[in-house]
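Worksheet for the structure shown next.
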Ligand code: SF4
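In the working numbering, the protein residues as written are 4 to 251.
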């Protein structure tokens, strides 16, 4: 029986580059490009998925839980953060796993994940998480490519990479609104997509009204760690920017 090759096709440049390696080795006959829709992806992610899958010659298989990350947090009564983000498992892994359960025999399927050599430390947990399917990480193999190398390769193939990279985001997921990001990430979001920041701020406030003093971010002051809300981060940033602007 021939092997089924299933790439976790997230819309990120790593999964595109990984697919290039899978295609070079195995062709496209038994290739599945599995994309999980979190309902909050940047529209340009879907433009890239469309363009790149036409270029590869395999239509994407899109799965979805149907909820957004903040809907998951409301349902779970837990606000995701850098230490624990249930959105990732419920909106990405679980729908993908449901598809695998129905379509991919673990004995004859290889699953590919696009994380690269710079994040190789994450691979053992990912392998454990996807058992009993076999998982491979083509971008952890040599030659090691940087993100810039992968973006250049996409351009050389005639594709326009997802715009979030050009806009300074390190990942193309959830429209740049990722609860795993730190303060720097959120301030970047505030600058580039103030409307998305404002929406996240509103969602965080709604959850605080239900759950108490929780926040996506935390900060440490005087040896004590405390929640840092998006409103507080924005106000501080705006105050610092304003006073900086009036400095003699
Ligand atoms: S990218 Fe961030 S916000 Fe989106 S599902 Fe993953 S962890 Fe959650």
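Built from N, CA and C at the ideal position, the CB exists for glycine as well.
CA-to-CA distance, residue j to residue i, given in whole angstroms
i	j	result
residue 110	residue 102	16 angstroms
residue 214	residue 81	8 angstroms
residue 176	residue 161	22 angstroms
residue 29	residue 113	11 angstroms
residue 171	residue 178	12 angstroms
residue 25	residue 234	44 angstroms
residue 61	residue 34	7 angstroms
residue 185	residue 205	18 angstroms
residue 42	residue 94	9 angstroms
residue 255	residue 12	Residue 255 lies beyond the range of the chain shown here (4 to 251); nothing can be said about it.
residue 31	residue 63	12 angstroms
residue 123	residue 230	30 angstroms
residue 149	residue 212	43 angstroms
residue 173	residue 154	12 angstroms
residue 59	residue 228	48 angstroms
residue 247	residue 194	16 angstroms
residue 141	residue 157	16 angstroms
residue 189	residue 200	8 angstroms
residue 138	residue 130	6 angstroms
residue 17	residue 134	22 angstroms
residue 55	residue 183	27 angstroms
residue 10	residue 51	16 angstroms
residue 250	residue 238	Reliability fails at residue 250, whose pLDDT of 39 lies under 50, so the model's placement of it is uncertain and no value is given.
residue 19	residue 117	7 angstroms
residue 8	residue 232	43 angstroms
residue 225	residue 159	51 angstroms
residue 27	residue 203	41 angstroms
Proximity test, residue i beta-carbon vs ligand 1 heavy atom, cut-off 8 angstroms
i	result
residue 187	no
residue 238	no
residue 80	no
residue 183	yes
residue 106	no
residue 94	yes
residue 41	yes
residue 252	Nothing about residue 252 can be reported from this structure: the residues present for the chain run from 4 to 251 only.
residue 83	yes
residue 165	no
residue 180	yes
residue 230	no
residue 174	yes
Given residue i as reference, the closest of the options once Cα atoms are compared
i	options	result
residue 57	69, 44, 36	36
residue 136	178, 188, 199, 105	105
residue 240	216, 218, 59, 191	191
residue 146	163, 51, 119	119
residue 75	90, 140, 86	90
residue 198	223, 45, 132, 18	45
residue 5	245, 143, 22, 107	107
residue 77	55, 245, 208, 242	208
residue 219	196, 238, 244, 180	180
residue 2	187, 96, 196	This structure leaves residue 2 out entirely; the chain is present only between 4 and 251.
residue 86	243, 225, 221	221
residue 68	96, 217, 167	96
8 angstroms contact criterion, which residue i and residue j should meet: CB distance rounded
i	j	result
residue 66	residue 39	5 angstroms
residue 98	residue 83	Not really, about 17 angstroms apart at Cβ, beyond 8 angstroms.
residue 165	residue 47	6 angstroms
residue 21	residue 115	5 angstroms
Residue i CB to nearest heavy atom of ligand 3 below 8 angstroms
i	result
residue 90	For ligand 3, the structure offers nothing, since it holds only ligand 1.
I'd like the ranges of any beta strand (DSSP E) spanning at least 3 consecutive residues and lying wholly in the region 40 to 122. 63 to 67, 112 to 115
Hey, which unbroken runs of the beta strand (DSSP E) at 3 residues or more fall wholly within the region 139 to 172? none
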